[in-house]
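Beneath this line is the structure, given in structure tokens, with notes to follow.
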Amino acid sequence: MKKRIAAILVICSLIITAFAGCGTSSEADTSKDSSKEKQMFVAFSAGYGKVQHWELEMLGCEAAAKELGVKFQYQFADGNEQKQVADIENFVQMGMDMLIVGPNNSEGIVPTVNELKSKDIPVMTSDIGITGTDVVAHVASDNYQIGVKAAEYLGKLLDGKGKIAVVGWSAASATKEREKGFVDTIASKYPGIEIVANQDVGGNRNTSLEKSENIIEANKDLNAIFGSNAENALGAYAATQAVNRKDIYVVSVDSDSEVMKAIADNTNLKATIAQNPYEMGYQALTTAVKHLKGEAVKNIAIDAELVTIDNVQKIIDRDQKYLGK
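Residue numbers for the sequence shown, in mature numbering (1 follows the signal peptide of the UniProt record, and there is no 0): -20 to -1, 1 to 305.
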């Protein structure tokens, strides 16, 4: 009888031990699951619409995100400040860890950026900077130098004399810097060239078309127009076609397909300063991830290149490769 009782006690002890072992295993599994690293989520709010420049920049971001194993989403604000703010608020609700922003309005976006910073959501800029608050880093072309390159090209094309106009965009820091670089260079290097008009067209092709026509009408001896981004320049180019003034040279910024075709076709849209938006996006996303990992980051300047009929095909091929065409 005593032996039977002892055997029963041993069996009960084994059963209790087995259950205890199961409990420890479950807790270990739970602990293991909870210790898995949360996937980083980086969002990009682009203030402008889905033009080729921004499409290429998003493709660069996507390539870097894939390499680095992070979640990435973007939205185009289509030139609407309210939509850009709403897009950013939506990213916050989705749990983004960091925002990359190319603002539609470099000053207007400041309250939204400051609100994110108060929530410990870091912000950096790409392509277009912010005026009035600090950000983690800025990845963009040297926009002042873009303006310098455009001015030097036109200065040589006009042999240092003539009348020119600028169609710009004052709300975006990038275009403002280009216009400053252009105006400063004309003033310092080409005293024989007069800037007869400097109009804000807001990055809108139709506005640029209308204002460029007015400039041409008021200045019959106009020789050239500088557009500080592709839409500004394409509006000016359309104006020269509409009033049959193909003797007026147009110089652009960016490598949008319409600009490149006009250059390749040897029209009066003679040149552009081509940025590398794919590389810009790639470096911006990489910089964001480095910051989230606690690494030191810095501003990055991406090279921009003067494009004429002599090298236009090289840039077309580069962009087509990125676009998968």
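Just so you know, even glycine gets a beta-carbon here, dropped at the ideal spot from N, CA and C.
Just so it is clear, the structure is predicted and the values come from calculations on it, not from any experiment.
Less than 6 Å between C-beta atoms, sequence neighbours within five positions excluded: which residues of the same chain meet that for residue i?
i	result
L48	V269
N178	V146
N212	V147, V181 and S188
residue 309	Examination of residue 309 is not possible in this model, given that the chain is present from -20 through 305 alone.
Q19	K51
I'd like the span of the beta strand (DSSP E) that includes residue i, first residue to last.
i	result
A23	F21 to A26
L96	L96 -> not in any beta strand (DSSP E); alpha helix (DSSP H) instead, spanning V90 to S98.
I144	G142 to G148
I51	According to the sequence displayed, residue 51 carries Lys and not Ile. Note, K51: beta strand (DSSP E), K51 to F56.
T252	L249 to A254
Counting only the same chain and skipping the five closest in sequence on each side, list residues whose C-beta sits under 7 Å from that of residue i.
i	result
T92	V65 and I68
G75	F21
Y302	L36, L39 and Y258
S5	Model confidence at S5 stands at a pLDDT of 29, short of 50, so the residue's coordinates are unreliable; what they give is reported in the following sentence. Around S5: no qualifying Cβ.
To which residues of the same chain is residue i closer than 8 Å at the C-beta, ignoring the five residues directly before and after it?
i	result
M38	F24, A26, Y54 and G261
N199	K143, A145, V176 and A177
Pull up the CB-CB distance for residue i and residue j, whole angstroms please, since I reckon it's below 8 Å.
i	j	result
residue 384	I108	Coverage of the chain is limited to positions -20 through 305, which leaves residue 384 absent and any answer about it impossible.
V230	G207	7 Å
L202	I228	6 Å
F56	A45	Going by Cβ atoms, the distance from F56 to A45 rounds to 17 Å, so no, they are not a contact pair.
V90	I110	6 Å
T105	G82	7 Å
Would you call residue i buried or exposed, if buried means 16 or more other Cβ atoms sit within 10 Å of its Cβ?
i	result
K241	exposed
V116	buried
Q293	exposed
N186	exposed
G274	exposed
L265	buried
P171	exposed
G140	exposed
G135	buried
I289	exposed
S235	buried
D299	buried
A251	buried
G77	Sequence check: residue 77 is Asp here, not Gly. By the neighbour-count rule (16 or more Cβ atoms within 10 Å), D77 is buried.
Counting along the chain, where does the alpha helix (DSSP H) carrying residue i start and finish?
i	result
T111	Note, T111: premise wrong, no alpha helix (DSSP H); not H, not E.
V163	S153 to K169
D67	E61 to Q73
S237	S237 to A244
- Query: Enumerated in chain order, which unbroken segments of the alpha helix (DSSP H) with a length of 4 residues or greater are wholly contained in the segment 177 to 230?
  - Reply: 185 to 198 and 210 to 222
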